[in-house]
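Novice: Before I ask anything, here is the structure I am working with.
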């Protein structure tokens, strides 16, 4: 009887090995080569934090696109302006996850947040 159970044990070990290989490869969370990401403000972020983020990002990069008449001025609200500024900073500094932390008030996304004439780079 032990002889008949041996193929089942081998199949089980083989299957377990495949599952472990799949999860250890990181294929479920790894970005495709060349896939672009953007940094946006969390809608739930505190206004004080977003204001500080906006001020900091705009002290490091040109935020002219969110000024009146700029392509990203509308919607004219803090979350939108902070998101644009934070993404400009993120893009200018290499698109590294740590460049999108902003006191845990930002998210790295894989969907292009551009809208109308406002292009997120």
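Residue numbers (mature numbering (1 follows the signal peptide of the UniProt record, and there is no 0)): -26 to -1, 1 to 95.
From the three backbone atoms N, C-alpha and C, an ideal C-beta is built for every residue, glycine too.
(1) Is DSSP giving residue 37 helix, strand or coil here?
(2) Can you look up residue 75 in the DSSP assignment and give me helix, strand or coil?
(3) Give the range of the alpha helix (DSSP H) segment to which residue 57 is assigned.
(4) Only counting the same chain, and skipping five residues up and downstream in sequence, which positions put a Cβ closer than 7 Å to that of residue 81?
(5) Which of the three DSSP states is assigned to residue 85 in this structure?
(6) Whose CA, out of 64, 48, 47, 46, lies closest to the CA of residue 30?
(7) Where do the ends of the beta strand (DSSP E) carrying residue 13 lie?
Specialist: The structure says:
(1) Residue 37: coil per DSSP, three-state reduction.
(2) coil
(3) It spans 52 to 66 - the alpha helix (DSSP H) in which residue 57 sits, taken as one unbroken run.
(4) If we look at residue 81 and ignore the five residues flanking it on each side, its Cβ neighbours are 14, 16.
(5) coil
(6) The candidate whose alpha carbon is nearest that of residue 30 is 64.
(7) 12 to 15
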